[in-house]
Amino acid sequence: MYLTPFTEPEFEHYLSYAVKEYGEEIAKSGHRSAEAAQTQARQQYQELFPQRLESPDQYIFSIEDDSIGQKVGLIWFGVMRQGEKKRAFVYDVRIQPEFRRRGYGEQAFILLEEKVRALGLHEIGLHVFGHNQGARALYQKLGYAETNIQMSKQIS
1 MYLTPFTEPE FEHYLSYAVK EYGEEIAKSG HRSAEAAQTQ ARQQYQELFP
51 QRLESPDQYI FSIEDDSIGQ KVGLIWFGVM RQGEKKRAFV YDVRIQPEFR
101 RRGYGEQAFI LLEEKVRALG LHEIGLHVFG HNQGARALYQ KLGYAETNIQ
151 MSKQIS
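Here the sequence shown stands for residues 1 to 156, numbered as in UniProt numbering.
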């Protein structure tokens with residue numbers, strides 16, 4: 001298995017669904033209306049990809065399984081700066097439905113660690129919505145620790 005940089009057509013296809021889906025996830029978390037969540041999602045993608053695939057510090061890859069000759073998903077991370085400290089931050093990882101539960105996510109994160117080390121970084125962060133139990137289980141299995149937890153309660 002290996003990671004290959006996205007092509008422009010892959011990126012265009014990704015944007016055609018990813019921004020909308022991210023907005024839906026924001027809305028599902030209960031902190032924004034559907035319309036406000038879509039606006040926030042569009043703004044965040046525009047800020048992160050001002051120059052599309054040439055945007056600095058953004059790395060988006062296809063996950064390819066050479067044993068079957070197919071792309072099975074994608075993984076995207078960026079370099080975040082906090083003062084003098086830099087770390088990788090995973091913005092998105094997706095495995096196509098027909099390839100889930102076969103270890104591709106885990107393998108992709110192992111390959112991601114190699115990319116991050118090659119950039120001279122020593123930490124990887126990510127965000128996961130609380131309702132995404134499958135992803136949370138994978139990240140914990142890979143050694144990621146929760147660093148903060150936000151909770152809310154709906155009252156009437």
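Glycine residues also receive a C-beta, built at the ideal position from the N, C-alpha and C atoms.
Spatial distance of residue i from residue j (CA atoms)
i	j	result
Q154	V128	20 Å
Y14	Y45	11 Å
E21	E146	24 Å
A27	S55	27 Å
E8	Q43	20 Å
G30	Q150	12 Å
N132	Q51	30 Å
F77	K115	10 Å
A137	S156	32 Å
L142	A135	11 Å
Q82	P97	35 Å
G130	S33	18 Å
V93	S152	26 Å
R101	Y139	14 Å
Residue i burial status per 10 Å Cβ neighbour count (16 or more: buried)
i	result
Y17	exposed
L112	buried
G23	buried
K95	For the sequence presented, residue 95 should be read as Ile rather than Lys. Classification for I95: buried.
Sub-8 Å separation of residue i and residue j beta-carbons
i	j	result
V90	I124	yes
A36	V19	no
Y144	L126	yes
Whole-Å CB distance - residue i paired with residue j, under 8 Å assumed
i	j	result
residue 157	Q58	For the chain, the structure presents residues 1 to 156; residue 157 sits outside this window and is missing.
L53	F99	That belief does not hold up - the Cβ atoms of L53 and F99 are roughly 24 Å apart, past 8 Å.
Residue i: CB within 7 Å of a non-hydrogen atom of the ligand ZN
i	result
A145	This structure simply doesn't include the ligand ZN, nor any ligand for that matter.
CB contact below 8 Å: residue i versus chain C
i	result
Q154	No chain C appears in this structure, which consists of one protein chain only.
Three-pair Cβ contact test at 8 Å for the stretch 117-126 versus the stretch 81-94: yes
The stretch 70-78 in contact with the stretch 92-112 per 3-pair CB rule at 8 Å: yes
Segment contact flag, the stretch 2-20 with the stretch 56-69, C-beta cutoff 8 Å, min 3 pairs: yes
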